[in-house]
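*Asks:* Final position of the sequence shown in the working numbering is 188; the numbers increase by one with none missing.
We put the CB at the ideal spot given by N, CA and C, even for glycine.
The model shown is predicted, which means the values in this text are computed figures rather than measured ones.
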Amino acid sequence: MTTESSHSEEVVGPEVAAAPERSETGRADRRRTAPTRLAVFTGAGVLAVVDLGAKAVAERGLGDGRTVDLGPLALQLAHNSGAAFSLGSGLPSWVVVTVTGLLTGVIAVITWRAVATTSRLLPAGLAAVLAGATANLVDRAGDGRVTDYLHTGWWPTFNLADVWITTGAAVAVLASLRSDRSADEASRSDA
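1. Rounded to whole angstroms, what is the Cα-Cα separation between residue 128 and residue 147?
2. Can you say whether residue 167 is buried or exposed, counting buried as having 16 or more other CB atoms within 10 angstroms of its CB?
3. Can residue 93 and residue 85 be called in contact, C-beta distance under 8 Å?
4. Only counting the same chain, and skipping five residues up and downstream in sequence, which positions put a Cβ closer than 8 Å to that of residue 135?
5. Which one of 162, 75, 59 has the shortest CA to CA distance from residue 122?
6. Are the beta-carbon atoms of residue 112 and residue 39 separated by less than 8 Å?
7. Starting from residue 144 and walking both ways along the beta strand (DSSP E), at which residues does that stretch end?
8. What did DSSP end up calling residue 66 once you bin it into helix, strand or coil?
9. Going by C-alpha to C-alpha distance, which of 140, 151, 144, 119 sits closest to residue 171?
10. What residue range is occupied by the uninterrupted alpha helix (DSSP H) comprising residue 113?
11. When we look at the beta-carbon of residue 60 and count the other beta-carbons within 10 Å, is it buried (16 or more) or exposed?
12. Quick one: measure Cβ to Cβ for residue 165 and residue 126, integer angstroms, because I've assumed they're closer than 8 Å.
13. Suppose the cutoff is 6 Å on Cβ atoms and the five residues either side in sequence are ignored; what does the same chain contact list for residue 169 look like?
14. Once you ignore the five residues that flank residue 41 on each side, which residues in its own chain have a CB closer than 8 Å to its CB?
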């Protein structure tokens, strides 16, 4: 009987002793992750506000149909009732707004989780995607269409939110490829 109780003490003892370490590590991770999340989501908010401000300026300054030539780029007001590059423009606006809202929510969750599990490059890219998606969602929620104002003549007219989305997606892909390459190199060095 004494053997059993000392045996169970040996098994339970290390588990109990290890619990505070795990708890302290979890707290340390949360302390490190919280400011990073705050920075990522604040950055996304700032980028979204910049786009929404640019859209308001474009509506006021280009609403009379004029175009401002800036060389390879022109400022020209356009409205897009569809998704990216006018895809889905024939759908009811509530469908496009709902799908955009759901995708924005998914991007927010992925961004939240990426902060805790990856390097800073992936969350930065995802923050830009989130900023663009949020800005376009807010813009679209008002009248079912997005305000575009950057015109090239050879590409559909777009806005800063589209730039954030495209740039952020490229950064996220590069970060993922870099992460995969680092993992491959680490597994080869372990072998």
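*Replies:* Reading it off the structure:
1. For the purposes of this step, residue 128 is taken as the residue at position 131 of the sequence shown. For the purposes of this step, residue 147 is taken as the residue at position 150 of the sequence shown. Taking the straight line joining both Cα atoms gives about 18 Å.
2. If you number the sequence shown from 1, residue 167 lands on position 170. By the 10 Å Cβ count, residue 167 comes out exposed.
3. As a working note, residue 93 is residue 96 in the sequence shown. As a working note, residue 85 is residue 88 in the sequence shown. Taking 8 Å as the Cβ cut-off, residue 93 and residue 85 qualify as a contacting pair.
4. Working through the sequence shown from its first residue, we reach residue 135 at position 138. Around residue 135: 45, 49.
5. For the purposes of this step, residue 122 is taken as the residue at position 125 of the sequence shown. That would be 162, whose Cα lies nearest to the Cα of residue 122.
6. Here residue 112 refers to the residue found at position 115 when the sequence shown is read from its first residue. Here residue 39 refers to the residue found at position 42 when the sequence shown is read from its first residue. For residue 112 and residue 39, no; Cβs fall outside 8 Å.
7. Here residue 144 corresponds to residue number 147 of the sequence shown, with the count starting at 1. Residues 143 to 148.
8. In the sequence shown, residue 66 corresponds to position 69, counting from 1. Residue 66 falls in the strand class under three-state DSSP.
9. Position 174 of the sequence shown, counted from the start, is the residue given in the question as residue 171. When each option's Cα is compared against that of residue 171, the closest is 119.
10. In the sequence shown, the residue the question calls residue 113 occupies position 116. From DSSP, the alpha helix (DSSP H) with residue 113 extends over 90 to 114.
11. Within the sequence shown, the letter at position 63 stands for residue 60. With fewer than 16 Cβ atoms within 10 Å of its Cβ, residue 60 is classed as exposed.
12. Translated into positions along the sequence shown, residue 165 becomes position 168. Translated into positions along the sequence shown, residue 126 becomes position 129. That pair is a contact at about 4 Å.
13. One-based indexing of the sequence shown puts residue 169 at position 172. So the list reads 119, 122, 123, once near-sequence residues are dropped.
14. Counting from one through the sequence shown, the residue named residue 41 turns up at place 44. Excluding residues within five positions, the ones whose Cβ falls inside 8 Å are 108, 124, 125, 127, 128, 131.
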